[in-house]
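S.K.: Chains as they are written, first to last, in the numbering used here: chain A, 1 to 278; chain B, 1001 to 1278; chain C, 2001 to 2278; chain D, 3001 to 3278. All residues carry an ideal CB built from backbone N, CA and C; glycine is no exception.
4 protein chains.
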Amino acid sequence: MTAKLYALESSFNQRSKVRVGEAEFGRDFVLIAGPCSVESEAQTLLAARKVKEAGAHLLRGGAFKPRTSPYSFQGLGIKGLKILAKAREAFGLPIVTEVVDPRDAGWISEYADVLQVGARNMQNFSLLREAGKIGKPVLLKRGMNSTLDEWLNCAEYILAEGNPNVILCERGIRTFETYTRNTLDLSIVPAVRELSHLPVIVDPSHGTGRASLVEPMSLAAAAAGADGLMIEVHPDPAAALSDKDQTLSPEAFARLAGRVLRLRDHIRNDEGGGRGNH
Amino acid sequence: MTAKLYALESSFNQRSKVRVGEAEFGRDFVLIAGPCSVESEAQTLLAARKVKEAGAHLLRGGAFKPRTSPYSFQGLGIKGLKILAKAREAFGLPIVTEVVDPRDAGWISEYADVLQVGARNMQNFSLLREAGKIGKPVLLKRGMNSTLDEWLNCAEYILAEGNPNVILCERGIRTFETYTRNTLDLSIVPAVRELSHLPVIVDPSHGTGRASLVEPMSLAAAAAGADGLMIEVHPDPAAALSDKDQTLSPEAFARLAGRVLRLRDHIRNDEGGGRGNH
Amino acid sequence: MTAKLYALESSFNQRSKVRVGEAEFGRDFVLIAGPCSVESEAQTLLAARKVKEAGAHLLRGGAFKPRTSPYSFQGLGIKGLKILAKAREAFGLPIVTEVVDPRDAGWISEYADVLQVGARNMQNFSLLREAGKIGKPVLLKRGMNSTLDEWLNCAEYILAEGNPNVILCERGIRTFETYTRNTLDLSIVPAVRELSHLPVIVDPSHGTGRASLVEPMSLAAAAAGADGLMIEVHPDPAAALSDKDQTLSPEAFARLAGRVLRLRDHIRNDEGGGRGNH
Amino acid sequence: MTAKLYALESSFNQRSKVRVGEAEFGRDFVLIAGPCSVESEAQTLLAARKVKEAGAHLLRGGAFKPRTSPYSFQGLGIKGLKILAKAREAFGLPIVTEVVDPRDAGWISEYADVLQVGARNMQNFSLLREAGKIGKPVLLKRGMNSTLDEWLNCAEYILAEGNPNVILCERGIRTFETYTRNTLDLSIVPAVRELSHLPVIVDPSHGTGRASLVEPMSLAAAAAGADGLMIEVHPDPAAALSDKDQTLSPEAFARLAGRVLRLRDHIRNDEGGGRGNH
Chain A
1 MTAKLYALES SFNQRSKVRV GEAEFGRDFV LIAGPCSVES EAQTLLAARK
51 VKEAGAHLLR GGAFKPRTSP YSFQGLGIKG LKILAKAREA FGLPIVTEVV
101 DPRDAGWISE YADVLQVGAR NMQNFSLLRE AGKIGKPVLL KRGMNSTLDE
151 WLNCAEYILA EGNPNVILCE RGIRTFETYT RNTLDLSIVP AVRELSHLPV
201 IVDPSHGTGR ASLVEPMSLA AAAAGADGLM IEVHPDPAAA LSDKDQTLSP
251 EAFARLAGRV LRLRDHIRND EGGGRGNH
Chain B
1001 MTAKLYALES SFNQRSKVRV GEAEFGRDFV LIAGPCSVES EAQTLLAARK
1051 VKEAGAHLLR GGAFKPRTSP YSFQGLGIKG LKILAKAREA FGLPIVTEVV
1101 DPRDAGWISE YADVLQVGAR NMQNFSLLRE AGKIGKPVLL KRGMNSTLDE
1151 WLNCAEYILA EGNPNVILCE RGIRTFETYT RNTLDLSIVP AVRELSHLPV
1201 IVDPSHGTGR ASLVEPMSLA AAAAGADGLM IEVHPDPAAA LSDKDQTLSP
1251 EAFARLAGRV LRLRDHIRND EGGGRGNH
Chain C
2001 MTAKLYALES SFNQRSKVRV GEAEFGRDFV LIAGPCSVES EAQTLLAARK
2051 VKEAGAHLLR GGAFKPRTSP YSFQGLGIKG LKILAKAREA FGLPIVTEVV
2101 DPRDAGWISE YADVLQVGAR NMQNFSLLRE AGKIGKPVLL KRGMNSTLDE
2151 WLNCAEYILA EGNPNVILCE RGIRTFETYT RNTLDLSIVP AVRELSHLPV
2201 IVDPSHGTGR ASLVEPMSLA AAAAGADGLM IEVHPDPAAA LSDKDQTLSP
2251 EAFARLAGRV LRLRDHIRND EGGGRGNH
Chain D
3001 MTAKLYALES SFNQRSKVRV GEAEFGRDFV LIAGPCSVES EAQTLLAARK
3051 VKEAGAHLLR GGAFKPRTSP YSFQGLGIKG LKILAKAREA FGLPIVTEVV
3101 DPRDAGWISE YADVLQVGAR NMQNFSLLRE AGKIGKPVLL KRGMNSTLDE
3151 WLNCAEYILA EGNPNVILCE RGIRTFETYT RNTLDLSIVP AVRELSHLPV
3201 IVDPSHGTGR ASLVEPMSLA AAAAGADGLM IEVHPDPAAA LSDKDQTLSP
3251 EAFARLAGRV LRLRDHIRND EGGGRGNH
């Protein structure tokens, strides 16, 4: 690792906090939920209302979608962002949305409360620098073939621009296993906490690619020490335009949210309170 | 998958139980602990006493060690098995030990309560068939590059010989990540439960290769639905002849055992009792 | 794969040709050589002269370097491009250089004869679209964890903008093996030729990470049917600012170039001429 | 690596030779060909005649097949060995066949001229030791997730028993790529030659899993410095009981054999004769 790593600067007992709305990553266990893509106003507002009722702190939704093929649905763009802004207004949920082009980081950040840098762009250094300059919280997903060292160095690109508000997000790595879409690497959670002061959350939707595995892996992530979760939820998963196999219904998310938050409470009480870590 | 898979035969509500001593895999949350290798009588008896006090149900210890190099310590062999037998007698702990050669399966099973088939031998089909014929419980570790389908088919080799007492054990897969020795694939736990009736436990010691990650990944495994854990514990980890970086002290294991069992109690209570699964 | 893939449009007997200077990818066996980074005018001009003498058709050199750490040498930027332009003028070698930001594609293309999109940016779709709009030849490296299907779809992003001049470049994938820096996947060469009309070259420097393996893997690439090679050459490899372990001296490159071109001649003669494929 | 490695003992200029019949691995470029499985006497004798006519030096054929599922065809066993013996007698081709159980190594070696240890058994140390004791040449396939270091250590298990006749065989490693069955790692060929004196051959049939890729990868293997090839050939590939997608017809093999041997001749002449290596 390089000599001067802001990501590693603080001590373990001074973990970074990143405030977004009323939630604080690094202190609260933060639930981010919502559809993979913003498909329509009705779908998004319904999803927002449902995840809010189920206990989500932030709303996720993609307006610019990086897709393998240039002929796949690429998202609604600016129209999608305006729908997200409406959802925020209606339900008081801060917005997490992805930015894929450094030229867009500035104006997207007027709609977004958290800028997401996706797995494919983890090492898009121009994008990282722009996200750093803007200063809004950045959710930095781990690349699907990235080592911990590479990931922390990408966080460093943002931090080095003077933006301390970085939230890491594990979303599964690419391996030979085909039963799951990716292999969710939960051991990275305590590993991040060993090396860095940054909060780290887990995305079990992309991490497993199977709705049936999202709840058990959410519980496991919470037990491993994650600072939150990012979950794909759609009012009607079977009708989702993207990622439908891994998307939960609002009811399934509500059940998950309850179980995970009770698990975290148990763990905090079991630790004797206030150690903030196991 | 093949047409006739005993591993898949039962329904989800009739999960297999494998009894070993007073513990029952598939019903209890079973803790297996002990040194990587049997090094001496003193070391083994001390380890056995300590892990027993800390709540372990079974004692693990290797007498025949498959090692990368032919010039590395290969285990004490029969002498090691006799030491394990003494430890069983002294502390009432059933013994889990590895068998690496089909010619040895018969006589080793006179010392062992559970025959372990290691990751390197997962597809040693002759060994699987011998282990199947003997009828004693078999702990089948997942190969470090094995898919779920391949692993269940290896269980099938044992089951097809008429031995229903198979316990699966996830121990990490080989990926590009180097911070951890392997990548512990906890999503395989709910995946196994989706496809099979067999109990599945987790070995976070090999799965991470780092003592500091063993406790958080043990909690995560329990939350993911594992039926137990297998943990390397040595009276003096720094002096261990093998795997010392991933070995816990008895004190660290005692702390882990307490936390994991309380976590499981919380989960069972939270489920409303008796569903036996999430 | 998607329905409409320009990358797959032509038949096998009508492979695409991409002309750059006097070389034509898809017809000639094209040698691209030069330093990893442009470090100084003297170093670059010397490297250019030497690789020209040894038979290279194009000069490579990085002015914008995507680096893991923000504190590593990031390249000379515009100054580096001007040095490359001088080398082109002095020795008549067209220039291949990397672009990492969609905002830079336009003006960098005034210096570059071929725009390189690096492995980390393979799925930087904004960058691919810009490269497509500009119309200059694009050298598209395979991402280090990218499947063939994903790679061809990235080519499609460029082709869909109306730019047919795409050259694919295999540069090794990330696996568990540590002896080599990456695992050079030469089977992708005939696989590309099976599915696509695009020319495909090989970079054994990044593909192996070891200077001693560059020549044998160059011969192997030529035998597998590659349309050319991209090789890191530095006047004084031990003094290179980046990638020195995998960089050849001009003398080693000259030897390699001779052997590879004679091997290609043998293969073409052995095929009886004109079948355009083996 | 360990202190005392017989595999590394000799210098580069004194590469080991392993004689089998009239062929000598490490001096000649040796072609091993034949069906995946011995299915019947007619099929095997026909295959033997055809590969002999096409220039093969040794006949391969599996009598004991390690299969993922216990319910798949497991080979003809002893009956298959007797068929192989007939084929040897009829056409003068030495036999390469797999052994999967240490208890069988002794009597199988009465039929086999070369004992094959397959990829799944690379770290079956009991089997390696038995193969070492018997003294016949051993073809040691690389495990599908094995590093070079682990592979050479497995060779060492055989050498340490006093058997110097080890031939290494690269057969593809497991990666994320799905277009090919495995990823053939040809860079391991010059890497083996850098570290060890042992001959190394390549199996592009398993290495790619696609008949269309076998010829180009055979040429590439020869160019990379391999000491030979192992190719699956069946009189009627579409009717093969196993591995039919990767199996060549006798005609395709004859064409391949001619091209590869002419390529090797070119390379040897180009080297100026007698350097025996590039």
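Under DSSP, the alpha helix (DSSP H) around C/CYS2169 begins and ends at which residues?
M.R.: Element bounds for C/CYS2169: not the alpha helix (DSSP H) but the beta strand (DSSP E), 2166–2170.
S.K.: Out of curiosity, what's the CA-to-CA distance linking A/ARG129 and A/LEU5?
M.R.: Their backbone Cα atoms lie some 15 Å apart in a straight line.
S.K.: Using 10 angstroms around the beta-carbon of C/ASP2265, count the other beta-carbons present and answer buried if the total reaches 16, otherwise exposed.
M.R.: exposed
S.K.: Hey, how far is the Cα of A/GLU150 from the Cα of D/ALA3220?
M.R.: 33 Å
S.K.: Does the beta-carbon of B/LYS1079 have 16 or more other beta-carbons within 10 angstroms, so that it is buried, or is it exposed?
M.R.: exposed
S.K.: Assign C/ARG2275 to one of two classes, buried (16 or more other C-beta atoms within 10 Å of its C-beta) or exposed (fewer than that).
M.R.: Interpretation of C/ARG2275 is limited by its pLDDT of 43, a score under 50 that renders its predicted location unreliable; no figure is taken from the coordinates.
S.K.: With A/GLU161 and A/GLY132 assumed to form a contact (beta carbons below 8 Å), what rounded beta-carbon distance in angstroms separates them?
M.R.: 3 Å
S.K.: Please give the ranges of any alpha helix (DSSP H) in the region 2107–2164 of chain C, keeping only runs that are unbroken, at least 4 residues long and fully inside the region.
M.R.: Considered as a whole, the region 2107–2164 of chain C harbours 2125–2134, 2148–2159 as its complete alpha helix (DSSP H) runs of no fewer than 4 residues, in chain order.
S.K.: Is the region 241–257 of chain A touching the region 1105–1123 of chain B, taking contact as three or more C-beta pairs under 8 Å?
M.R.: Counting Cβ pairs under 8 Å, fewer than three are found: no touch.
S.K.: Comparing alpha-carbon positions, which option in D/TRP3107, D/GLY3092, D/CYS3154 lies nearest D/ASN3121?
M.R.: D/CYS3154
S.K.: Check whether chain C comes within 8 Å of A/PHE125, counting only Cβ atoms and requiring the distance to be less than that.
M.R.: Using beta-carbon distances, A/PHE125 counts as an interface residue toward chain C, with a partner under 8 Å.
S.K.: May I have a chain-ordered list of the beta strand (DSSP E) segments no shorter than 3 residues that lie completely inside the region 1170–1217 of chain B?
M.R.: Listed in chain order, the complete beta strand (DSSP E) runs (minimum 3 residues) inside the region 1170–1217 of chain B are 1200–1202.
S.K.: Under 8 Å between beta-carbons, which chain B residues line up against C/ARG2174? List them in chain order, please.
M.R.: In chain order: PHE1176.
S.K.: Please state if the CB of A/LEU58 and the CB of A/PRO235 are separated by a distance shorter than 8 Å.
M.R.: no
S.K.: In the DSSP assignment, the alpha helix (DSSP H) including C/THR1981 goes from what residue to what residue?
M.R.: Here chain C has residues from 2001 to 2278 only, and residue 1981 of chain C is not among them.
S.K.: For C/LEU2008, which residues in the same chain have their Cβ closer than 8 Å to its Cβ, ignoring the five residues on either side in sequence?
M.R.: MET2001, LEU2152, LEU2195, SER2196, HIS2197
S.K.: Since D/THR3147 meets chain C, which of its residues come closer than 9 Å, beta carbon to beta carbon?
M.R.: PHE2176, GLU2177, THR2178, TYR2179
S.K.: Is the number of C-beta pairs between the region 1225–1239 of chain B and the region 1201–1208 of chain B that are closer than 8 Å three or more?
M.R.: yes
S.K.: Can you name the start and end residues of the beta strand (DSSP E) that C/ARG2260 belongs to?
M.R.: Looking at the sequence provided, one finds Val at residue 2260 of chain C rather than Arg. It is not in any beta strand (DSSP E) - C/VAL2260 instead sits in the alpha helix (DSSP H) that spans 2250–2270.
S.K.: Between the region 3093–3106 of chain D and chain B, which residues of the former have CB atoms less than 7 Å from a CB of the latter, in chain order?
M.R.: VAL3100, ASP3101, PRO3102, ARG3103
S.K.: Do you know offhand how far B/ILE1108's Cα is from D/PHE3073's?
M.R.: 30 Å
S.K.: Can you have a look at B/ASN1269 and say buried or exposed, based on whether 16 or more other CB atoms are within 10 angstroms of its CB?
M.R.: exposed
S.K.: Whole angstroms are fine: how far does the CA of A/ALA191 sit from the CA of A/GLY172?
M.R.: Each residue's Cα considered, the two are about 15 Å apart.
S.K.: Name the chain D residues that come within less than 9 Å of C/THR2208, Cβ to Cβ?
M.R.: SER3187, PRO3190, ALA3191
S.K.: Quick check on D/LEU3213 - is its C-beta less than 8 Å from some C-beta in chain C?
M.R.: yes
S.K.: Measuring CB to CB, does C/ALA2063 end up less than 8 Å from C/LEU2081?
M.R.: yes
S.K.: Taking 8 Å as the cut-off, decide whether the C-beta atoms of D/ALA3048 and D/ALA3085 are in contact.
M.R.: no
S.K.: Which stretch, first to last residue, makes up the alpha helix (DSSP H) that contains C/GLY2080?
M.R.: From DSSP, the alpha helix (DSSP H) with C/GLY2080 extends over 2078–2091.
S.K.: Residues bridged to A/GLU232 by DSSP?
M.R.: A/GLY34
S.K.: A/VAL260: which of A/ALA238, A/ALA223, A/LEU241 sits nearest, CA to CA?
M.R.: That would be A/ALA223, whose Cα lies nearest to the Cα of A/VAL260.
S.K.: Hey, does A/PRO237 have any beta-carbon neighbour from chain B nearer than 8 Å?
M.R.: no
S.K.: Which chain B residues sit within Cβ distance under 8 Å of D/GLU3150?
M.R.: THR1068
S.K.: Should D/ALA3090 go down as buried or exposed, given a rule of 16 or more other Cβ atoms within 10 Å for buried?
M.R.: Counting Cβ neighbours within 10 Å, D/ALA3090 comes out exposed, since fewer than 16 surround it.
S.K.: When you compare each of A/ALA254, A/LYS50, A/ALA23, A/SER126 to A/ASN137 by their alpha carbons, which one comes out closest?
M.R.: For the sequence presented, residue 137 of chain A should be read as Pro rather than Asn. With distances taken between Cα atoms, A/PRO137 lies closest to A/ALA23.
S.K.: Where does the unbroken beta strand (DSSP E) through A/THR97 begin, and where does it stop?
M.R.: 95–98
S.K.: Could you check what DSSP says for C/LEU2058 in three-state terms: helix, strand or coil?
M.R.: If DSSP states are grouped into helix, strand and coil, C/LEU2058 belongs with the strands.
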